[in-house]
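Take a look at the structure set out below.
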Amino acid sequence: MNKIAAVVLAAGKGTRMKSDKAKVLHETCGRPLAFFPIRAALSLDCAPVVVVVGHQAQEVERQLGQLFPGAKFALQKEQLGTGHAVRSAEEALRGFSGSVLILAADVPLVRAETLQKLVQAREESGAQVALLTCRAREPKGYGRVIRNSKGEVARIVEEKDASPEEKKIDEVNASIYLCDSQFLFAALRSVARRNSQGEYYLTDIVAKGRAVAVEAEEAEVSGVNDRAQLAVSAAQLRARKNAQLMKDGVTLRDPSVTYVDEGIEIGPDSVLEPLVSLLGKTRVGRGVEIGQGCVIVDSEIADGARILPYSVFESAKVGPGAIVGPFARLRPGAQVGEQARVGNFVELKKTVLGKGSKANHLSYLGDAVIGEGCNVGAGTITCNYDGANKLQTIIEDGAFIGSDSQLVAPVKVGKGAYVGSGTTVREDVPPGALAVSAGKQRNIEGWVEKKAPRKASKR
Ligand code: UD1
Ligand code: CA
13 MNKIAAVVLA AGKGTRMKSD KAKVLHETCG RPLAFFPIRA ALSLDCAPVV VVVGHQAQEV
73 ERQLGQLFPG AKFALQKEQL GTGHAVRSAE EALRGFSGSV LILAADVPLV RAETLQKLVQ
133 AREESGAQVA LLTCRAREPK GYGRVIRNSK GEVARIVEEK DASPEEKKID EVNASIYLCD
193 SQFLFAALRS VARRNSQGEY YLTDIVAKGR AVAVEAEEAE VSGVNDRAQL AVSAAQLRAR
253 KNAQLMKDGV TLRDPSVTYV DEGIEIGPDS VLEPLVSLLG KTRVGRGVEI GQGCVIVDSE
313 IADGARILPY SVFESAKVGP GAIVGPFARL RPGAQVGEQA RVGNFVELKK TVLGKGSKAN
373 HLSYLGDAVI GEGCNVGAGT ITCNYDGANK LQTIIEDGAF IGSDSQLVAP VKVGKGAYVG
433 SGTTVREDVP PGALAVSAGK QRNIEGWVEK KAPRKASKR
């Protein structure tokens, strides 16, 4: 098989995004835009994959290098156009001979199957360049494909350089090419910048050799130049991701309003209700139910867990069969054990809630280790901060914390102990003991009749 190297053009600023951030780092489906073309190149076994960086080069290289440790980076110091960008990769490809796949980093929807067609087209035609094109409903902004009298691809003219006649052509250049490596760099050396933008256009190589076009669906080759196009491409990528999830046995109650980042895995027979967002490095097991409006970031949810509506998690773990929510908040380091229960308006931070334990209503549990089979009553608060340090609360297996109690850390409630309702626990409670802190209750007979405040009588 013919060897293929890839060059991904990611050095441009993306002026039309009107952003302080490089265009190729804008996120879609939880990944920077450039992730998708790089992944497509890798799925074709391209080696090496050279990413050309320039605008915010350091940051672009840092982020993409993390996602693709095997990628090479080439610096385009000045952004003098797409042709100049490919030339910047020449050094990184020294000694390579074969085909070079060139992808613009701002074309995220292209699929590996389509790139494969470029390989085929070059093999069959022997042309030096195979380029991806489409019939655009709105060709404005794209380079147009100009064909000769025999119907062969003759050249590409950019929107800004096109005559009114040429602008009427709806066959456009997708900015994805497969070229013979020797031809490519020789052709680029003779590309000039005599055009309305004063740039070295990569598109000019098309006129310098024999080129064939492979037509793709418009939706697959549309570029992202502004935020509206970013939203359109994000919706497409999301639709693909959601279709895959359903194929894998996940129920999406309404895929049009379900947001699952690229790379997230969900086990079969899980159900996502509308407006669920599963983001970052989240993992979801089998038979999990996630209720409407949940936002779950970088978290793990084990088999059979139920997450009730409007719960918000970040870097949390939920054990098998646990039930969390509605309106629960799990902050980083929250670990809800197997079959445990976290109810409404309960916040957990850096807290382990053991197997089968319950915290059902209105609580803040921070920096706590709670054993198995414990009951944490409504309104329980761990006072974990003394103004300088975060301190730990330990609640041992089977302990019962009465409602409206405060546990002033560092403090420990022993195995099977009881804390009476409304207790402020400042000292450790021994196993099996009952802790109460309120004074004895007094009732003053007849007080209401004699002393209760009354409304001033109307004058
Ligand atoms: C380019 C094509 C156009 C095609 C369109 C499809 C050229 C001259 N034009 O136009 O024919 O229809 O894509 O989307 O190639 N880049 C660099 N260095 C540079 C300039 C650009 O790395 O000096 C990168 C950008 O980061 C981007 C890609 O190349 O990822 C395309 O650049 P962009 O300026 O968006 O080109 P278009 O005007 O869209
Ligand atoms: Ca573009």
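Residue numbering for the sequence shown follows my numbering, beginning at 13 and increasing consecutively.
Quick reminder that beta carbons are idealized off the backbone N, C-alpha and C, glycines included.
These numbers come from a predicted model, not from an experiment.
Which word fits residue i, buried or exposed, when buried means at least 16 other C-beta atoms lie within 10 angstroms of its C-beta?
{"i": "A231", "result": "exposed"}
{"i": "Y397", "result": "exposed"}
{"i": "N455", "result": "exposed"}
{"i": "M29", "result": "buried"}
{"i": "A46", "result": "buried"}
{"i": "T40", "result": "buried"}
{"i": "K152", "result": "exposed"}
{"i": "N254", "result": "buried"}
{"i": "V460", "result": "exposed"}
{"i": "E211", "result": "buried"}
{"i": "S469", "result": "exposed"}
{"i": "R74", "result": "exposed"}
{"i": "D379", "result": "buried"}
{"i": "K259", "result": "exposed"}
{"i": "P465", "result": "exposed"}
{"i": "S323", "result": "buried"}
{"i": "N401", "result": "exposed"}
Identify whether residue i lies in helix, strand or coil by the three-state DSSP scheme.
{"i": "E90", "result": "coil"}
{"i": "P44", "result": "strand"}
{"i": "A18", "result": "strand"}
{"i": "E170", "result": "coil"}
{"i": "N387", "result": "strand"}
{"i": "V262", "result": "coil"}
{"i": "V244", "result": "helix"}
{"i": "K152", "result": "coil"}
{"i": "K427", "result": "coil"}
{"i": "A251", "result": "helix"}
{"i": "T27", "result": "helix"}
{"i": "K452", "result": "coil"}
{"i": "T435", "result": "coil"}
{"i": "A447", "result": "strand"}
{"i": "E227", "result": "strand"}
{"i": "G84", "result": "The displayed chain sequence assigns Lys, not Gly, to residue 84. Of the three classes helix, strand and coil, the one that applies to K84 here is strand, per DSSP."}
{"i": "V62", "result": "strand"}
{"i": "K33", "result": "coil"}
{"i": "Q256", "result": "helix"}
{"i": "E39", "result": "strand"}
Is it the case that the CB of residue i approaches a heavy atom of ligand 2 more closely than 8 angstroms?
{"i": "N12", "result": "This structure leaves residue 12 out entirely; the chain is present only between 13 and 471."}
{"i": "A116", "result": "yes"}
{"i": "N237", "result": "yes"}
{"i": "S245", "result": "no"}
{"i": "V119", "result": "yes"}
{"i": "S187", "result": "yes"}
Tell me residue i's beta-bridge partners as DSSP assigns them.
{"i": "I382", "result": "L365 and I407"}
{"i": "C146", "result": "V184"}
{"i": "Q78", "result": "None, per the DSSP bridge assignment."}
{"i": "E359", "result": "R341 and Y376"}
{"i": "S289", "result": "Y271 and V307"}
{"i": "C395", "result": "V420"}
{"i": "V296", "result": "I278 and I313"}
{"i": "K191", "result": "The amino acid at residue 191 is misidentified as Lys; the sequence shows Cys. DSSP, once it has assigned bridges, lists V112 and V141 as partnering C191."}
{"i": "L56", "result": "Paired residue(s): none; L56 is not in a bridge."}
For residue i, is the beta carbon positioned less than 8 angstroms from some heavy atom of ligand 1?
{"i": "Q91", "result": "yes"}
{"i": "T94", "result": "yes"}
{"i": "I168", "result": "yes"}
{"i": "K180", "result": "no"}
{"i": "K35", "result": "yes"}
{"i": "E211", "result": "yes"}
{"i": "A18", "result": "no"}
{"i": "Q70", "result": "no"}
{"i": "L127", "result": "no"}
{"i": "T40", "result": "no"}
Using a Cβ-Cβ distance cut-off of 9 angstroms, determine whether residue i contacts chain D.
{"i": "S311", "result": "No chain D is present in this structure, which holds just one protein chain."}
Verify the contact flag: residue i, CB atom, against every heavy atom of ligand 3, threshold strictly below 8 angstroms.
{"i": "S109", "result": "As presented, the structure is devoid of ligand 3, carrying ligand 1 and ligand 2 as its sole ligands."}
Is the number of C-beta pairs between the stretch 17-35 and the stretch 86-105 that are closer than 8 angstroms three or more? A contact exists between the stretch 17-35 and the stretch 86-105.
Closer than 8 angstroms is the cut-off here; do at least three beta carbon pairs connect the stretch 198-207 with the stretch 239-250? Contact between the stretch 198-207 and the stretch 239-250 is absent: fewer than 3 CB-CB pairs across the two stretches fall below 8 angstroms.
Would you say the stretch 182-199 touches the stretch 213-225, given that touching needs at least three Cβ pairs under 8 angstroms? Cβ pair count under 8 angstroms is three or more, so yes.
Cβ pair count under 8 angstroms reaching 3, the stretch 394-409 against the stretch 417-433: Segments in contact, yes.
Taking one C-beta from the stretch 80-91 and one from the stretch 298-307 each time, how about it: are there three or more such pairs within less than 8 angstroms? Result no; under three Cβ-Cβ pairs closer than 8 angstroms.
Quick one: any contact between the stretch 87-94 and the stretch 136-152, if contact means 3 or more CB pairs under 8 angstroms? As far as the Cβ criterion goes, the stretch 87-94 does not touch the stretch 136-152, which means the pair count is below three.
Stretch pair the stretch 134-144 + the stretch 45-63: three plus CB contacts closer than 8 angstroms: Taking 8 angstroms as the limit for Cβ pairs, the verdict is that the stretch 45-63 does not touch the stretch 134-144.
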